[in-house]
Structure formats: C-alpha cells, structure tokens
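In terms of our numbering, the sequence shown opens at residue 2 and continues consecutively. We put the CB at the ideal spot given by N, CA and C, even for glycine. This structure is a prediction, so every number in the text was calculated from the model and none was measured.
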Amino acid sequence: RVYVYNRQGNVVSGWNFDRTERIVTKPIQHFRVSGRDYLVLADTNRPYILNRRGEERVRLQRFFSQAKHSSFTLEAGSSGVPPRLITTDTLGVVRLIYLDGRVEDLPLRRMSAQHSFDYQDITGNGVREFIYLDGKNLHVFNRSGNELFTTRLPHQASPGIIYFHFGARDRKVGIVAREQSLIYLINGDGTFYKGFPLRGITPFSIGQFANTRTRFNLVVGSSTGFVLNYAVQ
C-alpha cells in the first residue's frame, strides 16, 4: 500500500491509490514535466506512474520487472525526442518509458539481476551516459549504445554508484567494496584515481573543510565504527 501524508503527519484526503501487485522495496520518485506531477514506483512485476491523486497517469503499453538496484531518471525532451524515463530491467536492458505509455528497449549488454544502473554524465562532455556496475565491472556506454570503457575492479563491488563533480569536465565515480573494506575513486575515463583504494566500508563524501582549502577531504565510515578523514589531492 502507498499512503500520502501532509507535513503535519495527517493523511491527505483525495488519495485514491489502493495497492501494488507486489511489495515495493525502493523509494518512490517524483518528477514534474510541463507542470504535471509524476509519482513513480515499481514492484517486481511492473512500474507504476501516478498523479497526485494516486490515479495511474501513464499506462504502460508493456510491463517489465525493474532491476533491484536501478532507479528512474527523467530525460527532458530535446532535439525532437519527447520526455522519457530511463531505467533497466533485471537483464540489464535499458527501458525508455515515454509519457504516452510507449516503452522502447535498448539492449546494450547482458547484466546480472544485481547490477546497479544510472544515467549520468561522467565523462564531462555535457551528454549523459549509461552506467552499469555489475560484480567487479564498471561499464559505461554512450547514448548511441557504444561502449566507452569497462573498468575491472580487483574485488566485488557493493551496489550503488557515487558521483563527484570537481569541475565542468572533471567527473569521478566512487565505488565501495564492502567485504574487503575498500573504497575506489575512478576517473571519468575509467582509470583509477591515484592513491586508491583506501580503507572504508560505507558510501563516502568528498569536499573541503573551512581550514583545508589546498586539498579535499574524503570522509567515510570504517569497519571498526570510526569515521575516517582522508586528505585527497
């Protein structure tokens, strides 16, 4: 079941959604296109795209099972392409969902059902790429479906990809190998950033403290319960 509350914690009247077919295990996402709200969620059977009253705003022409570690990304319409939501199914096929209900498939490479997926610009060229993290491999494809690079990690990666923007064209991604208590920072061209891996088991942040303007600080949790602060050039 899906419930809606206002900021005072009271149930919002007029919400009509009953229940999904299966249990929902991921956060509900919200998008706004041309003044309209789209509440997007998925169970193991299918996605749901609702309006603010809980009614199905977009009825998909075809259903599919979204990958466990894949979220929805909105791509605003441009160059004759209407707005669409982008995600992957359990086989790693990119699913392009248009707001009229059409669903297009873009098979790039067979992935395991445990892959993580996102649609971000990690090369810094101003255009988003299809990004997969599956097992020990980070795969990046351009919008045409061509593979830009594959980076193989020494260890099995934990689900989830972290993004860092250090400049207009300086992008990096963070990956955690929790079982080995290691974290990796990878450049936008797929190479490993110098000095990595470092010790850590949690998603990490990189920024500057007030008294450290000449370097960046990386903050991460350790396997022994401490917060670690690394100096990163």
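| said: Given this structure, state the Cα-to-Cα distance separating Arg20 from Asp101, to the nearest angstrom. | reply: Start at 1 with the first residue of the sequence shown, and residue 20 comes out as number 19. Start at 1 with the first residue of the sequence shown, and residue 101 comes out as number 100. Whole-angstrom Cα-Cα distance: 23 Å.
Work out the CA separation of Ile187 and Lys195 for me, nearest whole Å. Taking the sequence shown and counting its residues from 1, the one referred to as residue 195 is at position 194. Taking the sequence shown and counting its residues from 1, the one referred to as residue 187 is at position 186. Using only the alpha carbons, I get a separation of about 9 Å.
query = To the nearest angstrom, how far is it from the Cα of Phe32 to the Cα of Arg214?
reply = Start at 1 with the first residue of the sequence shown, and residue 32 comes out as number 31. Start at 1 with the first residue of the sequence shown, and residue 214 comes out as number 213. Taking the CA atoms as reference points, Phe32 sits about 36 Å from Arg214.
- Item | Residue from Arg37, Leu97, Phe193, Arg47 with nearest C-alpha to Arg54 | Along the sequence shown, one-based indexing puts residue 54 at 53. With distances taken between Cα atoms, Arg54 lies closest to Arg37.
Note to self: Quick check on DSSP: helix, strand or coil for Arg179?
What the structure shows: If you number the sequence shown from 1, residue 179 lands on position 178. Under the three-state reduction of DSSP output, Arg179 falls in the helix class.
Straight-line Cα distance separating Gln115 from Gly191: Residue numbering aside, residue 191 sits at position 190 when the sequence shown is read from its first letter. Residue numbering aside, residue 115 sits at position 114 when the sequence shown is read from its first letter. Approximately 21 Å, taken between the alpha carbons.
Under 7 Å Cβ to Cβ from Ser90, same chain only, skipping five residues before and after it: list those, please. Within the sequence shown, the letter at position 89 stands for residue 90. In the sequence under discussion, the amino acid at residue 90 is Asp, which differs from the Ser named in the question. Excluding sequence neighbours, Asp90 sits near Phe65, Ser66, Gln67, Ala68, Arg96.
ask   = What's the call for His72, buried or exposed, on a 16-neighbour Cβ count within 10 Å?
value = Taking the sequence shown and counting its residues from 1, one reaches residue 72 at position 71. Here the sequence assigns Ser to residue 72, which means His is not the residue at that position. The residue is buried, with at least 16 neighbouring Cβ atoms inside 10 Å.
#### Entry: Whole-angstrom distance between Gly226 and Val34, CA atom to CA atom
Here the question's residue 34 lines up with position 33 in the sequence shown. Here the question's residue 226 lines up with position 225 in the sequence shown. Rounded to whole angstroms, the separation of the alpha carbons of Gly226 and Val34 is 43 Å.
Item to complete: Just grab the DSSP bridge partners of Phe150 for me.
Response: Against the sequence shown, residue 150 aligns to sequence position 149. Beta-bridge pairing links Phe150 to Val141.
Point to revise | Minimum length 3: unbroken beta strand (DSSP E) runs contained in the segment 65-102 | key: The segment 65-102 contains these whole beta strand (DSSP E) runs: 74-76, 85-89, 95-99.
### Message
Using DSSP's beta-bridge definition, name the partner residues of Asn7.
### Response
Position 6 of the sequence shown, counted from the start, is the residue given in the question as residue 7. For Asn7, which the question treats as bridged, DSSP gives no partner whatsoever.
So, at 8 Å on beta carbons, what are the nonlocal neighbours of Asp171 in its own chain, with the 5 sequence-adjacent residues on each side left out? If you number the sequence shown from 1, residue 171 lands on position 170. Beyond the five residues adjoining it in sequence on each side, Asp171 comes within less than 8 Å, by CB distance, of Gly125, Gly189 in the same chain, given in chain order.
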